[in-house]
Structure formats: C-alpha cells, structure tokens
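A.B. asks: Sharing a structure here in structure tokens format.
Protein chains: 2
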Amino acid sequence: MNITQIRNATQLITYGGKRFLIDPLLAEKEAYPGFAGSVRAELRNPRTDLPVPLATLLAVDAVIVTHTHADHWDAAAAALIPTSMPVFVQNASDENLLRGQGFTHLCLLEECTAFGDITLSKTDGQHGPDEAYANPQLAARLGDACGVVFTHPQEKTLYLAGDTLWVPAVEVALRRYQPEVVVLNAGWAHIIGVGPIIMGAEEVFKTHRLVPQAQIVATHMEALNHCLLTRAALREYVDANQFGEQVFIPQDGEALTF
Amino acid sequence: MNITQIRNATQLITYGGKRFLIDPLLAEKEAYPGFAGSVRAELRNPRTDLPVPLATLLAVDAVIVTHTHADHWDAAAAALIPTSMPVFVQNASDENLLRGQGFTHLCLLEECTAFGDITLSKTDGQHGPDEAYANPQLAARLGDACGVVFTHPQEKTLYLAGDTLWVPAVEVALRRYQPEVVVLNAGWAHIIGVGPIIMGAEEVFKTHRLVPQAQIVATHMEALNHCLLTRAALREYVDANQFGEQVFIPQDGEALTF
Numbered sequence: 005m006n007i008t009q010i011r012n013a014t015q016l017i018t019y020g021g022k023r024f025l026i027d028p029l030l031a032e033k034e035a036y037p038g039f040a041g042s043v044r045a046e047l048r049n050p051r052t053d054l055p056v057p058l059a060t061l062l063a064v065d066a067v068i069v070t071h072t073h074a075d076h077w078d079a080a081a082a083a084l085i086p087t088s089m090p091v092f093v094q095n096a097s098d099e100n101l102l103r104g105q106g107f108t109h110l111c112l113l114e115e116c117t118a119f120g121d122i123t124l125s126k127t128d129g130q131h132g133p134d135e136a137y138a139n140p141q142l143a144a145r146l147g148d149a150c151g152v153v154f155t156h157p158q159e160k161t162l163y164l165a166g167d168t169l170w171v172p173a174v175e176v177a178l179r180r181y182q183p184e185v186v187v188l189n190a191g192w193a194h195i196i197g198v199g200p201i202i203m204g205a206e207e208v209f210k211t212h213r214l215v216p217q218a219q220i221v222a223t224h225m226e227a228l229n230h231c232l233l234t235r236a237a238l239r240e241y242v243d244a245n246q247f248g249e250q251v252f253i254p255q256d257g258e259a260l261t262f
Numbered sequence: 005m006n007i008t009q010i011r012n013a014t015q016l017i018t019y020g021g022k023r024f025l026i027d028p029l030l031a032e033k034e035a036y037p038g039f040a041g042s043v044r045a046e047l048r049n050p051r052t053d054l055p056v057p058l059a060t061l062l063a064v065d066a067v068i069v070t071h072t073h074a075d076h077w078d079a080a081a082a083a084l085i086p087t088s089m090p091v092f093v094q095n096a097s098d099e100n101l102l103r104g105q106g107f108t109h110l111c112l113l114e115e116c117t118a119f120g121d122i123t124l125s126k127t128d129g130q131h132g133p134d135e136a137y138a139n140p141q142l143a144a145r146l147g148d149a150c151g152v153v154f155t156h157p158q159e160k161t162l163y164l165a166g167d168t169l170w171v172p173a174v175e176v177a178l179r180r181y182q183p184e185v186v187v188l189n190a191g192w193a194h195i196i197g198v199g200p201i202i203m204g205a206e207e208v209f210k211t212h213r214l215v216p217q218a219q220i221v222a223t224h225m226e227a228l229n230h231c232l233l234t235r236a237a238l239r240e241y242v243d244a245n246q247f248g249e250q251v252f253i254p255q256d257g258e259a260l261t262f
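Heads up: the sequence lines are chains G and A, in that order.
Going by the working numbering, the first sequence opens with residue 5, and the numbers climb by one from there.
Going by the working numbering, the second sequence opens with residue 5, and the numbers climb by one from there.
Next up, the structure:
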C-alpha cells in the first residue's frame, strides 16, 4: 500500500490496486476562520497550502469521509469533487448531507463493506471526552466520527482510527483487526474548557503498547489552529520513549509504502 | 500560606504558622545517574542546583515525605536532615526505612493527623498506569505514593497531590476537600514501555475543570532526566486553553503566597 500525506487528515491511499482520497479538506491556505471556541482561534485554517495539484487528488476511485466536520469535508471538497464520485460515509446523517450537495454515489460504511476485492470495515471512535458528550450542545457539535479498517488478500491490514480519543472502541479495533499499519489523527486538537478531542503523543504510545509490531502513521497535525502537537514534538517524544522506529510522521506531500 | 518552589517536588511551605519541608531531594546537581529504564536516562540527576542554602531548608518544623523514591527522599536528605526532625511518612514501610536511617520522630500520615492546630490528611494516588501495576516487578518499583491535604482555621485548604496520575482517588480528594490551592507534580515523567507515571499538561487541565476556582501550582518539572514537560510548554498550554490565570509554574527559588 501507499499512503501519501496531503494535509491535515487528507491522504491519498493506494490499497489493493485502488486509489482512495481520505477526508478531503481542499480549500486554499487560510480560507476559513479558526474554529470558534477552540485554542488559538485567531489563526485561520487551513494553516498550509495543498502540497500537490488538485487534479492529483481527484484522480481516485473513491473518497472516504470519516465525518463531515469542516476539516474533513469542506465546502471546497463538496464543490470540486465530481458528484458522481463514489463516496463512503459513516451514517445516514452524513449521507443526507452529501446527497443534498448533489452527490449521487454514496455508500454507507458498515462492518463489512466490499469495494471490489477490498473490504472496508467501519470502526467506532469518540471525538471528545465523556464530559463533553454529557452536554447536549457540545455533543451535537462533536458528533459521530468513524474509523475504517482496510483488508485485502494481498495487502497488510490498515486501520485509520479517524478523529477519536483513546476509548475502548479503539482498543477493540486494534485487538480485533491486529492492523500492521495504523493511521492516527494525532494533532491533539483542543476545545477551550473541553480539552483534547483527538489523540496526542500519549495515545500514540498507547497504540504502540497495544500493537507493538504495527507501523504507526501520525497525521492531522500542523494544519489547523487548534492542533497543539507539532511533528517535531511528537518525533522527540517517540524517540525518547524508544519506539520511534515504529512511528512515521510524514510531511505534507510525503509518501510512505508498506 | 507561602509556597516556595525549591527544586523538583521539594518545596518549603509555611502554613498555619509552621514551616514544612516537602519531599527533600538535597544532593548536588548531577550527583546521581538518570533513572534506569526511563526516558533520557543518559542525563544525570538532579538537573539543577538547589536555589537556596541548605540551612534555609533545614530551618523547618517538620518534613513531609510523600514516598521514598530517590527524587523525593535521597541519600543527601537522609544524611543532612537532623534525625530528631519530625518526619511525616505515608506508611509503615517508609517509616521502617527512615527508622533504619536513624530518624526517631516519625509520624504516619492518616486521614486526620494533627500537627498543632494544622490537620494533615493523607490522600491516595497511583504512581503509574494500571498496566504497570499489573506487572509485579514494575508495581514494586513504582510502589505507593500519597498526597496530603492541609487544613487550618485561618488558612485556605491546600492539596498536594504527590506523584500520581489522574486516577479516581485524585478526583475523590478534589471533590471532598475542595482545595483552594492545589500543588500538582506535573513534570510528565516517563518510563520506557510504561508511559507517564506522573501528571502532565492534560491532567493540569482536568484538575482545573474539576475545581475551576482553585489556584494550581505546577511542580516536579525540569529537574530530572525523565520529566518531559517543560515549564514553557505548560505555560503555553494553559494560556492557549485560557485558564493560565489559575496556574502558577514557579521557577526554583520562587515564592508564592495564597
């Protein structure tokens, strides 16, 4: 498989002979204000430019949208991606949203969703702490977010955890699928008064502790106002803890082969 | 009350008219090797010199030793502190250790221990993750560690959490005592393969979330090889999360009055 880091959680993944665009955030640098109520909201998003021409991102067989927060599915993505593109979504709510945007080829991710000879398995996550989901307004804002496991007879198993904290569902997925490659959204995004809503350095360590043979790819970093963990800080952390050889922290535009 | 940060978890606290020396680590800079098996073990401890003359530290009414790891009670402390000094310890094991070192005035911290008109209340903690305590060798190495709540009719309530992660016992103590001042050992010390064994930035936030009116003092930072959180990084974190006014991160030698 080939995983090319694009920007934030946007990646191009070639797996089982098919090309997938993950969580497209396609706007130009600083097109949007920072997320209200999050840390450093005075900074505009995305923080950086796309590292490849748009055409490269659109030359895919399918798009996977783990959830429809604006940093995973933005207005630019909705406008630029052909509406006939197959798009995998997590639930009926996101399906309806995209249908309203004109997309006609929507597929619900389920426990065992076939795409040719590739199997896509939806996994659960939790996009914030329990305390936040106890507050109806915050719960609605954070919403659902899923992960995806890719399996194919000729490929290593790949688990994209999606926007989630370290919750039992993540442990369940790691134990169940025993992925050889794990993509973690590790930018440690923070909401004021809520705390982190995605993983940070400690959760990269916890993943490594549970699946020590897995190769971990850290993404969703250095592209948004509210992501506090830098690539350099994560590199220092994993090296100090002596598991740096298992962790890849690609720059935007960098490709990894597993 | 007055809290003077000395170095690592060592503090001088004046409370209810009495002077306490907390967790004395009295050796000279770099007297000891780094902790084996911890991150950056090639660095020697302590990382810095004491900021005040030794005599200042010995002019106290009592010593409190939250546990007897070498960064809280070192050979220099055992040699330099008069053996007649009242020393509060957490349990019979630490009491026996200090008795063997010649100390004659040992007091067990309990739920309600009087020292003049000051009440010292022992609190529980957990000095590492559950996974580590499931391993008998690691459990023995990490051992027990306590916290202490100070109360006095003319003083704010002070809670020293001690060397602990964010565990239910800490939440219990915060809810029960509603301390106005909380001292957190927030250096995010890491053991290879185990992860953090004391609090870091996220746990400072969790404390603030539970007792938002409390003034938090962060300590046990930048003095040992395995403490990964710097004062500057914690300051940046608490300011970005907009609770920086509640958090004090004193330099060694700096005094705070509450």
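Note that beta-carbon positions come from the ideal geometry of N, C-alpha and C, so glycine has one too.
Name, please, each residue of chain A whose Cβ falls closer than 8 Å to the Cβ of G:His-131.
C.D. replies: Neighbours of G:His-131 on chain A: none; closest Cβ ~16 Å, over 8 Å.
A.B. asks: Note down, one range per segment and in chain order, each alpha helix (DSSP H) of at least 4 residues found wholly within the region 31 to 111 of chain G.
C.D. replies: 58 to 62, 79 to 84 and 96 to 104, all fully within the region 31 to 111 of chain G.
A.B. asks: Please go through the same chain and pick out, in chain order, the residues whose beta-carbon is closer than 6 Å to the beta-carbon of G:Gln-130, but skip the five residues on each side of it.
C.D. replies: Cβ neighbours of G:Gln-130 beyond the five flanking positions: Thr-168, Leu-169 and Val-171.
A.B. asks: So for G:Gln-130, helix, strand or coil by DSSP?
C.D. replies: Of the three classes helix, strand and coil, the one that applies to G:Gln-130 here is coil, per DSSP.
A.B. asks: Among the residues of its own chain, which have a CB less than 6 Å from the CB of G:Val-215, if the five just before and after it don't count?
C.D. replies: Taken in chain order, the residues that qualify are Leu-178.
A.B. asks: Whole angstroms are fine: how far does the CA of A:Phe-92 sit from the CA of A:Gly-197?
C.D. replies: Taking the straight line joining both Cα atoms gives about 33 Å.
A.B. asks: Does A:Cys-231 pass the burial test, meaning 16 or more other C-beta atoms within 10 Å, or should it be called exposed?
C.D. replies: A:Cys-231 is buried by the Cβ-count criterion.
A.B. asks: Using a C-beta cutoff of 9 Å, does A:Pro-37 count as contacting chain G?
C.D. replies: No, A:Pro-37 does not count as interfacial toward chain G.
A.B. asks: If the cut is a Cβ gap below 8 Å, which residues of chain A does G:Gly-199 touch?
C.D. replies: The contacting residues are Glu-206, Phe-209, Lys-210, Arg-213 and Asn-245.
A.B. asks: So, using beta-carbon positions, are A:Gly-191 and A:Leu-228 closer together than 9 Å?
C.D. replies: In contact: A:Gly-191 and A:Leu-228 (Cβ atoms closer than 9 Å).
A.B. asks: A:Pro-86: buried (16+ other C-beta within 10 angstroms of its C-beta) or exposed?
C.D. replies: Flag for A:Pro-86 reads exposed.
A.B. asks: Looking at the C-beta of G:Glu-135, does it have a partner C-beta in chain A at a distance below 9 Å?
C.D. replies: Yes - at least one Cβ of chain A is within 9 Å of the one on G:Glu-135.
A.B. asks: In the region 147 to 207 of chain G, which residue ranges form an unbroken beta strand (DSSP E) of at least 3 residues, counting only runs that do not cross its ends?
C.D. replies: If we require 3 residues or more, the beta strand (DSSP E) runs fully inside the region 147 to 207 of chain G come out as 150 to 155, 162 to 164 and 185 to 189.
A.B. asks: List, in order along the chain, the chain A residues whose C-beta lies closer than 8 Å to that of G:Leu-232?
C.D. replies: The contacting residues are Tyr-241 and Ala-244.
A.B. asks: Output the distance between the C-alpha atoms of G:His-76 and G:Leu-29, rounded to the nearest integer angstrom.
C.D. replies: G:His-76 and G:Leu-29: Cα-Cα distance of roughly 5 Å.
A.B. asks: Less than 9 Å between the C-beta atoms of G:Ile-17 and G:Phe-119, yes or no?
C.D. replies: Their beta carbons are not under 9 Å apart, which means G:Ile-17 does not touch G:Phe-119 by this criterion.
A.B. asks: Given that a residue counts as buried once 16 or more other Cβ atoms are within 10 Å of its Cβ, and exposed if not, what is G:Pro-157?
C.D. replies: Label assigned to G:Pro-157: exposed.
A.B. asks: When DSSP builds the beta bridges, which residues end up paired with G:Arg-23?
C.D. replies: G:Arg-23 is bridged to G:Thr-18.
A.B. asks: For G:Thr-123, does the three-state DSSP call read helix, strand or coil?
C.D. replies: Of the three classes helix, strand and coil, the one that applies to G:Thr-123 here is strand, per DSSP.
A.B. asks: Step through the CB atoms of chain G and report whether any lies within less than 9 Å of the CB of A:Ile-202.
C.D. replies: So, not an interface residue.
A.B. asks: Once you ignore the five residues that flank A:Glu-207 on each side, which residues in its own chain have a CB closer than 6 Å to its CB?
C.D. replies: Result list for A:Glu-207: Trp-170, in chain order.
A.B. asks: Who are the near neighbours of A:Cys-150 in its chain, counting only those whose CB is closer than 7 Å to its CB and skipping five residues on each side?
C.D. replies: Correct list, in chain order: Thr-70, His-71, Gln-94, Leu-113, Lys-126, Thr-127, Asp-128, Gly-129 and Gly-166.
A.B. asks: Can you pull the chain G residues whose beta carbon is under 9 Å from the beta carbon of A:His-194, in chain order?
C.D. replies: Chain G residues near A:His-194: Phe-209, Tyr-241, Ala-244 and Asn-245.
A.B. asks: Beta carbon of G:Thr-211, beta carbon of G:Ile-202: below 9 Å?
C.D. replies: Contact flag unset, no.
A.B. asks: Would you decide whether A:Glu-46 is buried or exposed? Buried here means 16 or more other CB atoms lie within 10 Å of its CB.
C.D. replies: By the 10 Å Cβ count, A:Glu-46 comes out exposed.
A.B. asks: Using 8 Å for Cβ pairs, my map puts G:Ser-42 next to G:Ala-244. What's the rounded Cβ distance?
C.D. replies: Actually they are not in contact, since the Cβ atoms of G:Ser-42 and G:Ala-244 sit about 28 Å apart, beyond 8 Å.
A.B. asks: Check each residue of the region 29 to 63 of chain G: if its Cβ is closer than 8 Å to any Cβ of chain A, include it; give the result in chain order.
C.D. replies: Under the 8 Å Cβ criterion, the region 29 to 63 of chain G contributes Val-43 and Arg-44.
A.B. asks: For A:Gly-104 and A:Gly-147, I'd like the C-alpha separation in whole angstroms.
C.D. replies: Distance between the alpha carbons of A:Gly-104 and A:Gly-147 is about 19 Å.
A.B. asks: To which residues of the same chain is A:Phe-252 closer than 8 Å at the C-beta, ignoring the five residues directly before and after it?
C.D. replies: Within the same chain, A:Phe-252 has close Cβ partners Gln-219, Ile-220, Val-221, Ala-222 and Leu-260.
A.B. asks: Return the chain-ordered list of same chain residues with a C-beta closer than 7 Å to the C-beta of A:Glu-159, the five sequence neighbours on each side being excluded.
C.D. replies: Correct list, in chain order: Met-5, Tyr-19 and Gly-20.
A.B. asks: Per DSSP, which residues does G:Leu-260 bridge with? Please list them.
C.D. replies: G:Ile-7.
A.B. asks: Starting from the C-beta of A:Arg-51, find all residues in its chain whose C-beta is less than 8 Å away, skip the five residues before and the five after it, and write them out in chain order.
C.D. replies: Closer than 8 Å at Cβ, skipping near neighbours: Lys-33, Glu-34, Glu-226, Ala-227, Leu-228 and Asn-229.
A.B. asks: Would you call G:Ala-96 buried or exposed, if buried means 16 or more other Cβ atoms sit within 10 Å of its Cβ?
C.D. replies: It counts as exposed.
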